[in-house]
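Trainee:
Chains as they are written, first to last, in the numbering used here: chain A, -19 to 192; chain B, -19 to 192.
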């Protein structure tokens, strides 16, 4: 969790025909330092094979790799951590399956969930949706920047903001208290992924420096 | 894997409106001693919650519990083992995630897969489909009793036969070399699950005694 700024979440179906390894490699080349593997409708073996490829890429670029939901796949490919949502395995069970050096992020969308995640020992929070988004089938109400500020006031855990974040609003999100922004389609669906990632990283790092 | 005879595979969608815990409890009451939790289209949390219920039931009746595919869920609920198919995590990765006392079964449908599974240290083989079946979306060719005999001649690992097994053909399957028969709809979709399980257990145990 060192130096996170832009946190790429993968999504083959949102990558306009490019493969997830192609998208990830472009983002890593631009300087992205953390990737969450999040793919739907794959068999365990397909996810494992893809995970091994993405693990090798992230290693090559010195970036961290988080696996969404699948604790078993994270263990099998030697990921740095696991990210769980409210419909995934509760954190105490995740911890029981993982070695101590792997960390766990939890998706939260309200203050109650923040409290539960903090109590259970989450290493970071995925907070959102900040803005409306088409990438995830979220039914949780949009938090907005005010909702993000309220959660920031509640917790000292690192916050990865998620949902509808683009180069236009990324600085506002950092200013509202997020430590890092996560994106899916802002990168996976960009015409030029490297250029889009470089521009987004620049904006986020600029805002992070201002917050120090 | 002690004393397996009838191996129940669960399937909420094949249970004619009864819940998986209801189906499992009826089968356990009849004397079934091993259950594989195999459910589709559930979130990890739903599967975990269901798994905990089924784990409590199997413990109460002194039966064993295997989880299909999901190594993480098996770990989290303290199952006795994991069953993996050819599209699931390969056995060497599964072993790496599991403590030594948990065992691993592998689905095989031809001699080559038997060799790979045996080499990798499978504890038992799920061999099939023996007969045509509507329960699983298998595309593998039907083995028939001759195919089962050929695999029996190839390996000394315990064989759990799978696919289209009913009270009518269960004895033939044991005579062809299976150690145990697995069923989904023959029990989950039975009018009277307890009566169907008792009748099937009787047939299978009779055939097992004849094979000794």
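Backbone N, C-alpha and C fix where the C-beta goes; we use that ideal spot for every residue, glycine too. All of these numbers come straight from a predicted model, not from anything done at the bench.
Just confirm the distance between the C-beta atoms of residue 272(B) and residue 168(B), as a whole number of angstroms; I'd bet it's less than 8 Å.
Mentor: Residue 272(B) cannot be examined here, being either before or after the span of chain B that is shown, -19 to 192.
Trainee: Is DSSP giving residue 137(B) helix, strand or coil here?
Mentor: Reduced to three states, the DSSP call for residue 137(B) is coil.
Trainee: Residue 202(B) touches chain A at which residues, Cβ-Cβ below 7 Å?
Mentor: In the structure as shown, chain B starts at -19 and stops at 192, and residue 202(B) therefore has no counterpart that could be examined.
Trainee: If you draw a straight line from the C-alpha of residue 10(B) to the C-alpha of residue 135(A), how long is it?
Mentor: Cα-Cα distance, rounded: 52 Å.
Trainee: Between residue 83(B) and chain A, is there a C-beta pair that is closer than 8 Å?
Mentor: Chain A contact via Cβ: absent.
Trainee: Which parts of the region 33 to 73 of chain A are runs of the beta strand (DSSP E), unbroken and 3 residues or longer, counting only runs that do not cross its ends?
Mentor: DSSP runs (the beta strand (DSSP E)) wholly in the region 33 to 73 of chain A: 44 to 48 and 61 to 64.
Trainee: Where does residue 165(A) sit, in a helix, a strand or coil, going by DSSP?
Mentor: Helix, per DSSP.
Trainee: Please list, in chain order, the chain A residues whose beta carbon lies closer than 8 Å to that of residue 76(B).
Mentor: In chain order: 55 and 56.
Trainee: Report the rounded CA-to-CA distance for residue 153(A) versus residue 123(A), giving the unit in angstroms.
Mentor: Going from the Cα of residue 153(A) to the Cα of residue 123(A) covers about 11 Å.
Trainee: Compute the Euclidean distance between the alpha carbons of residue 139(A) and residue 160(A), then round it to the nearest angstrom.
Mentor: Going from the Cα of residue 139(A) to the Cα of residue 160(A) covers about 7 Å.
Trainee: Does the CB of residue 23(B) have a neighbour CB from chain A at under 8 Å?
Mentor: Closer than 8 Å: yes.
Trainee: Can you list, in chain order, the residues of the region 28 to 51 of chain A whose Cβ is nearer than 7 Å to any Cβ on chain B?
Mentor: Of all residues in the region 28 to 51 of chain A, 28, 49, 50 and 51 have a Cβ within less than 7 Å of some Cβ in chain B.
Trainee: Using the three-state DSSP reduction, which class does residue 17(B) fall into: helix, strand or coil?
Mentor: Strand.
Trainee: In terms of residues, what are the limits of the alpha helix (DSSP H) holding residue 91(B)?
Mentor: Run containing residue 91(B): 91 to 99, per the alpha helix (DSSP H) assignment.
Trainee: If you measure from the beta carbon of residue 73(B) to each beta carbon in chain A, is any gap under 8 Å?
Mentor: Answer yes: the Cβ-Cβ gap between residue 73(B) and chain A drops below 8 Å somewhere.
Trainee: Which of the three DSSP states, helix, strand or coil, is assigned to residue 110(B)?
Mentor: Reduced to three states, the DSSP call for residue 110(B) is coil.
Trainee: Confirm, please, whether the CB-CB distance from residue 64(B) to residue 74(B) is below 8 Å.
Mentor: Against a cut-off of 8 Å, the Cβ pair of residue 64(B) and residue 74(B) comes out as a contact.
Trainee: Tell me, please, whether the CB atom of residue 68(A) is closer than 8 Å to any CB atom in chain B?
Mentor: Cβ-Cβ to chain B under 8 Å: yes for residue 68(A).
Trainee: So is residue 132(B) buried or exposed if we call it buried at 16+ other beta carbons inside 10 Å?
Mentor: Buried.
Trainee: Would you kindly report the start and end of the unbroken beta strand (DSSP E) that includes residue 180(A)?
Mentor: Here residue 180(A) belongs to no beta strand (DSSP E); instead the alpha helix (DSSP H) covers 173 to 191.
Trainee: Since residue 127(B) sits in a beta bridge, which residues does DSSP pair it with?
Mentor: Partner(s): none; residue 127(B) has no beta bridge.
Trainee: Taking the alpha-carbon positions, what's the residue 101(A) to residue 8(A) distance?
Mentor: Taking the straight line joining both Cα atoms gives about 29 Å.
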